[in-house]
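All residue numbers in the sequence shown are consecutive under the numbering used here, ending with 632.
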Amino acid sequence: MKKLLIPALVIFIAACSKPEAGDKKAKLDVLKKEYSAIGEKIKTLEAEIALTDTTVVEKIIPVAVTEAKAQTFIHYLDIQGKVDADENITISPKMPGTITKVNVEAGDDVKVGQVLGETDNVAMVKGLDELKTGLAFATEVYNKQKKLWDQKIGSEIQFLQAKNTKEGLEQKLATLNEQVEMTYIKSPIKGTVDEVYFKLGQTVSPGYPAVRVVNTSSLKAKAEVAEGFAAKVKKGNAVEIHFPDLQKDISSKLSFVGKTINSNTRTFSVAADLPSQEEFHPNMIAVLKVVDFKSDSALVVPLNIIQNSEEGSYIMIAADENGKKVAKKRVITVGHTYRGLAEVTSGIAEGDKIITTGFQGLNNGELISF
């Protein structure tokens with residue numbers, strides 16, 4: 263009987279003692295947490311003992327500190343954009359024809375209405391001269407018929423025929439004048455000729471690009487902003503504009519903020535006015551640094567000194583304790599961050615000595631020197 267019970271008992275105990283894989287992981291996590299907590303306690307006790315035990319050789323860690331002071335902190339939204347002109351147009355001929363005159367070249371300054379080029383209009387000009395001659399004769403006949411009619415001399419039909427002939431020629435002359443005018447390629451804006459596309463003797467037609475004219479006195483820096491920033495980016499926001507190619511920065515304000523989100527890119531448009539300067543060119547790269555947060559009295563620390571633990575983000579500060587300088591752990595709340603700096607909204611006060619060098623591996627309560 264005993265021989266039968268012993269193997270059964272062994273099998274039962276082995277079955278009961280076999281842990282599940284999930285239980286092992288849970289136990290491991292618990293042990294790791296306990297190990298970490300015990301390690302912290304050991305380090306704290308060692309530091310406390312070192313402060314009172316004269317038999318222990320004090321280990322002092324050299325550090326560098328900086329005093330926390332309220333300062334201006336600005337957070338920028340960096341967006342890559344480009345320079346654009348409100349008046350940057352391509353001018354096309356109004357009617358088909360052959361280019362007979364090219365009056366401008368790239369770089370020329372032009373005025374509103376200035377003729378940039380002409381298409382062949384010799385036949386129309388000759389027809390215009392003939393119409394003018396005919397109209398002059400018809401006008402003279404009409405004036406004589408009207409004078410006679412006013413004196414009740416002659417028939418009414420003669421007067422009406424003379425009037426109709428004169429008015430018909432006037433309409434034809436006006437139409438032909440418009441057609442002749444359409445043979446001139448004119449600039450609708452004041453600006454600078456950026457490019458001339460046509461050549462003498464070339465056949466052109468409406469829609470064919472002839473000349474590009476740019477008004478560089480009304481340039482803007484434009485960009486597309488992700489819709490997630492729509493609540494922060496407003497018209498009038500200050501903006502710093504950086505031109506990588508020029509290694510130049512200027513200050514401006516957002517003069518335009520689009521109200522519509524592009525359904526394809528999920529962005530909206532913004533623009534800032536630029537001063538009139540020859541060095542700015544349409545399509546030049548411009549980085550817009552839009553101010554979306556500003557505090558005039560923020561406590562700011564280098565981002566790289568912030569460490570993380572189960573308690574949250576923390577930094578090490580220097581404090582006086584029993585006449586000695588020791589490191590103290592301070593849990594903080596981090597606000598905005600920008601280019602290596604972090605705004606601290608809670609956890610430190612003005613005047614605190616923040617450890618900026620030697621903080622790696624530094625424990626709460628360890629002796630320090632600076």
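Virtual Cβ for every residue (Gly too), placed ideally from N, Cα, C. Keep in mind the model is a prediction, meaning the values are calculated, not measured.
Distances from the CA of residue 618 to each of 290, 288 and 330 were compared; the closest alpha carbon is that of 330.
Residue 585 and residue 608 have their C-alpha atoms roughly 27 Å apart. Here the region 503 to 512 does not lie against the region 441 to 456, with fewer than 3 beta-carbon pairs under 8 Å apart. Closest by C-alpha distance to residue 382, out of 445, 352 and 541, is 445.
In the three-state reduction of the DSSP assignment, residue 575 falls in the strand class.
In this structure, the straight-line span from the alpha carbon of residue 488 to that of residue 291 is close to 41 Å.
Beta-bridge partners of residue 342 (DSSP): 549. When beta bridges are read from the DSSP output, residue 488 appears opposite 529. With a 10 Å radius around the Cβ and a threshold of 16 neighbouring Cβ atoms, residue 297 comes out exposed.
The continuous stretches of beta strand (DSSP E) do not include residue 397, which lies in the alpha helix (DSSP H) extending over residues 384 to 412. Our two residues, residue 443 and residue 364, have alpha carbons roughly 16 Å apart in a direct line. With contacts defined as CB atoms closer than 7 Å, residue 605 and residue 597 qualify as a contacting pair. Counting along the chain, the unbroken alpha helix (DSSP H) around residue 426 starts and ends at 418 to 443.
If you check the CB distance, residue 577 and residue 328 do not come in under 7 Å. Contact annotation: residue 542 and residue 345 have beta-carbon atoms nearer than 7 Å. DSSP places residue 308 in the helix class (H, G or I) of the three-state scheme.
Pairing residue 361 with residue 464 gives a Cβ-Cβ distance under 7 Å.
The region 330 to 378 contains, as complete beta strand (DSSP E) runs of 3+ residues, the segments 332 to 347, 350 to 353 and 359 to 364 (chain order). A straight line joining the alpha-carbon of residue 492 with that of residue 299 spans about 45 Å.
Counting C-beta atoms within 10 angstroms of its own C-beta, residue 440 has fewer than 16 neighbours from the protein chains shown and is therefore classed as exposed. Put simply, of 536, 527 and 495 the residue whose alpha carbon is nearest the alpha carbon of residue 513 is 536. Distance from the CA atom of residue 352 to the CA atom of residue 374, rounded to whole angstroms, is 14 Å. The residues 354 and 355, in chain order, have a CB closer than 7 Å to that of residue 470 in the same chain once the five nearest residues on each side in sequence are set aside.
Contact annotation: the region 474 to 490 does not touch the region 392 to 408, with fewer than three C-beta pairs closer than 8 Å.
Here residue 449 really is in contact with residue 376; their C-beta atoms are around 5 Å apart, less than 8 Å.
Going by beta carbons, residue 610 and residue 561 fall inside the 7 Å limit. Restricting attention to 436, 428, 467 and 437, the CA atom closest to the CA of residue 447 is found in 467. One alpha carbon belongs to residue 395, the other to residue 533, and they sit about 56 Å apart.
Counting every other CB atom within 10 Å of its CB across the protein chains shown gives residue 326 a total below 16, marking it as exposed. Under DSSP, residue 504 takes part in a beta bridge, and its partners are 511 and 549. Pairing residue 599 with residue 568, the inter-Cα distance amounts to about 12 Å. The alpha-carbon of residue 369 is positioned some 13 Å away from that of residue 378.
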